[in-house]
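As numbered in mature numbering (1 follows the signal peptide of the UniProt record, and there is no 0), residues -19 to -1, 1 to 413 make up the sequence shown, in order.
Worksheet: one structure, shown below.
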Amino acid sequence: MKKTLILLSFLIVHSVLFSQTVENDLETYIQNFQYQKALEYISAKEPSTYLQFQEAMCRKALGNYLKSIDILQRLSTDNPENVRVKSELANCFAITGRRQAGIDCYDDLIRLDSTNLYYKIQKAELLFQQTKYEKALCLFKEIYSRNNSPNTLSQIAQCFEKMNQADSAMVYFKVAWDTNPSDSYSAASLVNLCLKADRSLEALAYSTAYLEKDSTDQQMNLLNALTYYMMDNYEEAISRFKKCYEAGDSSLIVNRSLGISYYSLRENYEAEIFLDKAFRQDTTNNNVLYCLAVSSNELADHKKAIPLFRKLLDRTIPSDLTLYLYYKGLASAYDKGSLFEDAVEAYKKALIYAGTNQKMTINFAIGQLYENQIKDSSNALIYYQNYRYDLNEYLEGLIRKNETDENVDDTKKRLKYLDEHIKELTKAMSVN
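Shown next, in the form of structure tokens:
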């Protein structure tokens, strides 16, 4: 009996030591970020809840979130109250963009531990990402009542900003910044909102105050320069934009603002340099294009200015087809609204920009309006005659192109019916 007990004790101790060795070896791999070795190690062992969880963590670390989710879902089903498993599952859902699934997990976790702020913070952030700003706002306010964190104040401000409640957003960004003077995000957001609201003096005061404590902040230097630019103080704006440029910021907004500032001061040489850079970065901005064309022209660079002005004209003046479609659409709207004389005038403007075949359609439409709606047979005849001329040219074109007999015959029939109608209308006019 004594020998049996000794043997049993030895086996138990050996089993525990072996288990500890397995865990220690695995933890060493994981601590050293050797996740592939850890997975190879796990695959060689008998499956267990512990090893399955570690496999999920290794696969997550290697970016295989789908496999990690698959394992964690099975573990969570087997043990619904395991908060570590469910927390990791929620995080994987969030990473893969399955925000609602992540929120559902955090709801389960909050039911298990209603005082846990971490779960509520994660849920609030997912609600924000879902654009459910009101729900996120309520939860962030609850969180702030317990943690008094400046970061939560900033998150509340972001909710207000997304809800287009700029004044409330500014209040919370200001409090967040006051609470944490190094919070560059809240400070920059406050200045940016002031600029959007045309509160330039406040933007100037806030940006200047921040730069007095940290003159190296690139974003705040840019916002400070933009404030002077929006106040039309181009000399100060140039000084500050140049500081941004010399610090390595060659972004579109810096090049464009420098170019237009120099242009506004009639310093055409410098203006052309930066406007040219801005135009290369964004060829769609007509304001930049115009300022660049003028600056080049002032510098007697006519070879450069001429194509720029031509490009500007091409963009600004709609094509004939565009104007034709606009006026035709307007005429149709007038017609449907029983504003027949206005419809005729719009159709006449459409004629100016119409092509050959398009004129055929418009002349007929005007003739119809004059005859049937305005009861002006004299003008109706004029446009029917115009329509006849267009239709005859169309027929000659079909014959030259050797079009099918069907198309030619159809056009001839239209001409025949038109001639008969013109005769009837002329006869009716002579009787009257």
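For glycine and all other residues, C-beta sits at the position ideal for the given N, C-alpha and C.
Everything numeric in this text was worked out from a predicted model, so none of it was measured.
A Cβ-Cβ contact shorter than 8 Å links ALA147 with LEU174.
Cβ contact annotation for LEU293 (same chain, cutoff 7 Å, sequence separation greater than five): ASN267, LEU270, TYR271 and ALA274, in chain order.
Annotated as distal: GLU27 and LEU53, with beta-carbon spacing of 8 Å or more. In the structure shown, MET211 adopts helical secondary structure according to DSSP, grouped into three states. Per DSSP, reduced to three states, the secondary structure at PHE109 is helical.
Relative to the Cα of SER411, the nearest Cα in the group GLU377, ASP371 and SER359 belongs to SER359. If only uninterrupted alpha helix (DSSP H) runs of at least 4 residues are considered, those enclosed by the stretch 170 to 228 are 181 to 194, 199 to 211 and 215 to 227. Counting of Cβ neighbours within 10 angstroms places ILE298 among the exposed residues, the total staying below 16. In chain order, ALA327, LYS330 and ALA331 place their CB closer than 6 Å to the CB of TYR308, counting only its own chain and leaving out the 5 sequence neighbours on each side.
Segment contact: the stretch 152 to 161 against the stretch 124 to 136, three or more CB-CB distances shorter than 8 Å; contact assigned. Residue ranges of uninterrupted alpha helix (DSSP H) with 4 or more members, entirely inside the stretch 7 to 66 and ordered along the chain, are 16 to 24, 30 to 42 and 46 to 59. Within the stretch 131 to 176, the runs of alpha helix (DSSP H) that reach at least 4 residues and sit entirely inside it are, in chain order, 131 to 143 and 147 to 160.
Comparing alpha-carbon positions, the option among MET212, ALA252, GLN262 and TYR243 lying closest to SER231 turns out to be GLN262. The Cβ neighbour count for LYS382, taken over all protein chains shown within 10 Å, is under 16; the residue is labelled exposed.
By the Cβ criterion, the stretch 275 to 290 is not in contact with the stretch 309 to 321, since fewer than three pairs of Cβ atoms, one from each stretch, lie closer than 8 Å. Taking 8 Å as the cut-off, the Cβ atoms of GLN199 and ALA228 count as close.
Rounded to whole angstroms, ASP391 and GLU377 show a C-alpha spacing of 13 Å. Taking all protein chains shown into account, THR208 has 16 or more neighbouring C-beta atoms within 10 Å of its C-beta and is therefore buried.
In terms of Cα proximity to GLU115, the closest of LYS356, LYS143 and GLU251 is LYS143. A straight-line Cα-Cα distance of about 14 Å links GLN35 and GLY44.
For ILE343, the enclosing alpha helix (DSSP H) starts and ends at 337 to 349. Just so you know, the alpha carbons of THR189 and LYS177 end up roughly 17 Å apart. Counting the other Cβ atoms within 10 Å of the Cβ of SER49 gives 16 or more, which makes it buried. Comparing alpha-carbon positions, the option among GLY78, LEU93, TYR364 and ALA42 lying closest to GLN12 turns out to be ALA42.
Boundaries of the alpha helix (DSSP H) around THR392: 386 to 412. The three-state secondary structure of GLY78, taken from DSSP, is coil.
For GLY318, the three-state secondary structure derived from DSSP is coil. GLU279 sits away from ASN236, with the two beta carbons spaced by 8 Å or more.
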